[in-house]
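Trainee: My structure is below; once you've seen it, I'll send some questions.
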Amino acid sequence: MTDYAKRRLLTIVSETAIESRLVADIERLGAHGYTVTDARGKGHRGVRSSAWEANSNIRIEVVCDEATADTIAEHLRTHYYADFAMILFISEVAVLRSEKF
Amino acid sequence: MNIDPVLLFFLLGLTAGVLRSELRLPAAVYELVSILLLLAIGLKGGIELAQQPFLQLLPQIVAVIAMGALLTLIAFPLLLYWGRFSRADAASIAAHYGSVSVATYAVAAAYFLTRDIPFESHMPLLLAVLEIPAILVGIVLARGRLRSMRLGAVAHEVFLGKSIVLLGGGLLIGWAVGPEGVSAIEPLFFDLFHGILALFLLEMGLITAAQFGSLRRHGLFLILFGVAMPMVAAPIGLAVGWLLGLSVGGCAMMAVLAASASYIAVPAAMRISVPKANPTLSLAAALGVTFPFNVLIGIPLYYELAVWAEALWGA
């Protein structure tokens, strides 16, 4: 039977404008890696159609342990929630190589 | 007078957007088209810089920096007291209007070119310079002071933003290789300029139409301001051009630069430096009102104004 390890998947949807700041924070707070994709959608700050830079979104995914996920989530909540379009959710995932995350 | 074909592309995009057509340029295509435009404008200015001593341009550069700061300082109290915007919002919108729109410049250049109206060909240098002062003034107005610890990040955002890098890079490349050197890349950047501009304006029409929703929500003041501010700024630009001894075309171009409102460099810089400012407000005004006003009515109007002023003062 394959040995899975439990990890947290942190998904952040936010503005492209702050991508470099966000990934710098995420790395500094202990994540071993992250994945960024372009995203489109609608939220309470209106339609973010991604037609051009000032109006585009990214989705950042981070797989990490529970403590790191909590640290990152708390940091983003205090530093970005007030002024930027941002949502964040955490789910539980299973990974094969636990040492990687 | 015939309407420019590029403007019809803008109107096509605008109409398609208002009617909620499915039309949209893929983001990567829009990105490429805007990169081509910025580089072409930079290259064109750079070639001219190669032919004249830089020191002679210094007074013009200083005057343009002062103009950018002045326009921001004029717009700010209007927005703060009459518009009743928060300090951050007023500073951010003011910075957009103190800075310059490369797209508006491109439309004006095409307009002047097709009518054989000469203007100073180092104008792209002034265009690049004018992007910057309003951002710095806007940040200071929003915060009350420049906090020293974040200066590095602010400078990075201001000087390494996409439009400054491409305009400045184009200027340097054009300046380094001169007219003969550029001939190899001419077909892409100069021969196709109007076609690229047409595609760009098609998407601009769609983007402008997308702002109408937020304009409805944020009220009449933004619409009034979006038309009034360029009408105030254009005569100031005209006066600066006149003081610098520019040609009629050059004065009209200075009026266009002063009247236009940024929507690439400033939004990005403001989002980072003044996060409390709502980006929807400044973009709705700059893109939803001022950009269409300038390209459809403003440019011919400012040129007429320059011709009229020349006749008045020249006599």
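These protein sequences, in sequence, are chains B and U.
Position in the first sequence (from 1) plus 125 gives the number in the numbering used here.
Position in the second sequence (from 1) plus 69 gives the number in the numbering used here.
Just so you know, even glycine gets a beta-carbon here, dropped at the ideal spot from N, CA and C.
#1: Answer yes or no: does any C-beta atom of chain B fall closer than 7 Å to that of U/R340?
#2: By the 7 Å beta-carbon criterion, what residues does the segment 205-221 of chain B contribute toward chain U?
#3: Pop quiz: B/S227 and B/A130 are said to be a contact at Cβ under 8 Å. What is the actual Cβ separation, rounded to whole angstroms?
#4: So who's on the other strand from B/F214, going by DSSP bridges?
#5: Below 6 Å CB to CB, which residues in the same chain sit around U/F154 once its five sequence neighbours on both sides are set aside?
#6: Opposite B/V188 in the DSSP bridges: which residues?
#7: Buried or exposed, going by whether 16 or more other CB atoms sit within 10 Å of the CB of U/M323?
#8: Between the Cα of U/L295 and the Cα atoms of U/S351, U/L326, U/E200, which residue gives the shortest distance?
#9: Using 10 angstroms around the beta-carbon of U/E272, count the other beta-carbons present and answer buried if the total reaches 16, otherwise exposed.
#10: Can you confirm whether the segment 297-305 of chain U touches the segment 103-117 of chain U when touching is taken to mean that 3 or more C-beta pairs between the two stretches lie within less than 8 Å?
#11: List the whole-angstrom C-beta distance separating B/I185 from U/I341, where the pair is believed to meet the contact cut-off of C-beta under 8 Å.
#12: Where does U/W244 land, buried or exposed, given buried means 16+ other C-beta within 10 angstroms?
#13: Mind pulling the chain U residues with CB within less than 8 Å of B/A164?
#14: Buried or exposed for U/E255, going by 16 or more other Cβ atoms inside 10 Å?
#15: Note down, in chain order, every chain U residue with its Cβ under 8 Å from the Cβ of B/E140.
#16: Would the segment 257-266 of chain U count as touching the segment 307-324 of chain U if we require 3 or more Cβ pairs under 8 Å?
#17: Give the straight-line distance between the Cα atoms of U/A96 and B/D128, rounded to the nearest whole angstrom.
#18: Whole angstroms is fine: what's the gap from B/E101's alpha carbon to B/R133's?
#19: Hey, is U/P361's beta-carbon within less than 7 Å of any beta-carbon in chain B?
#20: Just to make sure I have the definition right: I need the residues of chain U whose C-beta is within less than 9 Å of the C-beta of B/I143. Which are they?
#21: Flag this pair as touching only if the segment 191-204 of chain U and the segment 132-141 of chain U have three or more C-beta atom pairs under 8 Å; answer yes or no.
#22: Report the start-end ranges of each alpha helix (DSSP H) in the segment 138-221 of chain U that is 4 residues or longer and not cut off at the edges.
#23: Is U/A178 close to chain B, meaning its C-beta is less than 7 Å from at least one C-beta of that chain?
#24: Rounded C-beta distance between U/Q129 and U/L313? I'm assuming under 8 Å.
#25: Excluding the 5 residues flanking U/M218 on each side, which residues of the same chain have their C-beta closer than 6 Å to its C-beta?
#26: Considering B/D128, what are the terminal residues of the alpha helix (DSSP H) in which it resides?
#27: Judging by CA-CA distance, which residue of U/G357, U/L268, U/V317, U/V223 is the nearest neighbour of U/T277?
Mentor: The answer reads as follows:
#1: Numbered from its first residue, the second sequence carries residue 340 of chain U at position 271. It does: the Cβ of U/R340 has a partner Cβ on chain B nearer than 7 Å.
#2: Residues passing the 7 Å Cβ filter: D208, F209.
#3: The shown model of chain B, from 126 to 226, leaves out residue 227 of chain B, and the question about it has no answer.
#4: Working through the first sequence from its first residue, we reach residue 214 of chain B at position 89. Its beta-bridge partners are B/T136.
#5: Within the second sequence, numbered from 1, the residue matching residue 154 of chain U stands at position 85. Cβ neighbours of U/F154 beyond the five flanking positions: L148.
#6: What you label residue 188 of chain B is simply residue 63 of the first sequence in a count that begins at 1. According to DSSP, which records beta bridges pairwise, B/V188 is partnered with B/L134.
#7: Against the second sequence, residue 323 of chain U aligns to sequence position 254. With 16 or more other Cβ atoms inside 10 Å of its own Cβ, U/M323 counts as buried.
#8: As a working mapping, residue 295 of chain U is identified with position 226 in the second sequence. Just to set this straight, residue 295 of chain U is Gly in the shown sequence, not Leu. Closest by C-alpha distance to U/G295, out of U/S351, U/L326, U/E200, is U/S351.
#9: If you number the second sequence from 1, residue 272 of chain U lands on position 203. Buried, since its Cβ has 16 or more Cβ neighbours within 10 Å.
#10: Of all C-beta pairs linking the segment 103-117 of chain U to the segment 297-305 of chain U, fewer than three are shorter than 8 Å, placing the two stretches out of contact.
#11: In the first sequence, counting from the first residue as 1, residue 185 of chain B sits at position 60. In the second sequence, counting from the first residue as 1, residue 341 of chain U sits at position 272. Their Cβ separation, rounded to whole angstroms, is 17 Å, which puts B/I185 and U/I341 out of contact at 8 Å.
#12: Counting from 1 along the second sequence, the entry for residue 244 of chain U is found at position 175. Flag for U/W244 reads buried.
#13: Along the first sequence, read from residue 1 onward, the residue named residue 164 of chain B stands at position 39. Near B/A164 there are no residues of chain U at all, since even the closest Cβ is about 12 Å away, more than 8 Å.
#14: Here residue 255 of chain U is taken as the residue at index 186 of the second sequence, counted from 1. By the neighbour-count rule (16 or more Cβ atoms within 10 Å), U/E255 is not buried but exposed.
#15: In the first sequence, counting from the first residue as 1, residue 140 of chain B sits at position 15. At a beta-carbon threshold of 8 Å, the residues of chain U lying near B/E140 are R340, ordered along the chain.
#16: No, they do not touch.
#17: Residue mapping note: residue 96 of chain U aligns to position 27 of the second sequence, counting from 1. Residue mapping note: residue 128 of chain B aligns to position 3 of the first sequence, counting from 1. Rounded to whole angstroms, U/A96 to B/D128 spans 42 Å at the Cα level.
#18: Because chain B in this structure spans residues 126 to 226, residue 101 of chain B falls outside the shown range and cannot be described.
#19: Looking up residue 361 of chain U in the second sequence gives position 292. No Cβ of chain B is located within less than 7 Å of the beta carbon of U/P361.
#20: If you number the first sequence from 1, residue 143 of chain B lands on position 18. Chain U residues near B/I143: R340, I341, P344.
#21: Cβ pair count under 8 Å is three or more, so yes.
#22: Within the segment 138-221 of chain U, the complete alpha helix (DSSP H) runs of at least 4 residues are 156-167, 171-183, 192-212.
#23: Here residue 178 of chain U corresponds to residue number 109 of the second sequence, with the count starting at 1. For U/A178, the answer is no, since every Cβ of chain B falls outside 7 Å of its Cβ.
#24: Here residue 129 of chain U refers to the residue found at position 60 of the second sequence. Here residue 313 of chain U refers to the residue found at position 244 of the second sequence. The beta-carbon separation of U/Q129 and U/L313, rounded to 5 Å, stays under the 8 Å limit for a contact.
#25: Position 149 of the second sequence, counting from 1, holds the residue named residue 218 of chain U. Below a pLDDT of 50, predicted positions are generally treated as unreliable, and U/M218, at 49, falls in that range; the measurement from the model is reported next regardless. Excluding residues within five positions, none has a Cβ falling inside 6 Å.
#26: Along the first sequence, read from residue 1 onward, the residue named residue 128 of chain B stands at position 3. Following the DSSP letters along the chain, one finds B/D128 in no alpha helix (DSSP H), marked with neither H nor E.
#27: Translated into the one-based positions of the second sequence, residue 277 of chain U becomes position 208. Ranked by how close their Cα comes to the Cα of U/T277, the residues U/G357, U/L268, U/V317, U/V223 have U/G357 in first place.
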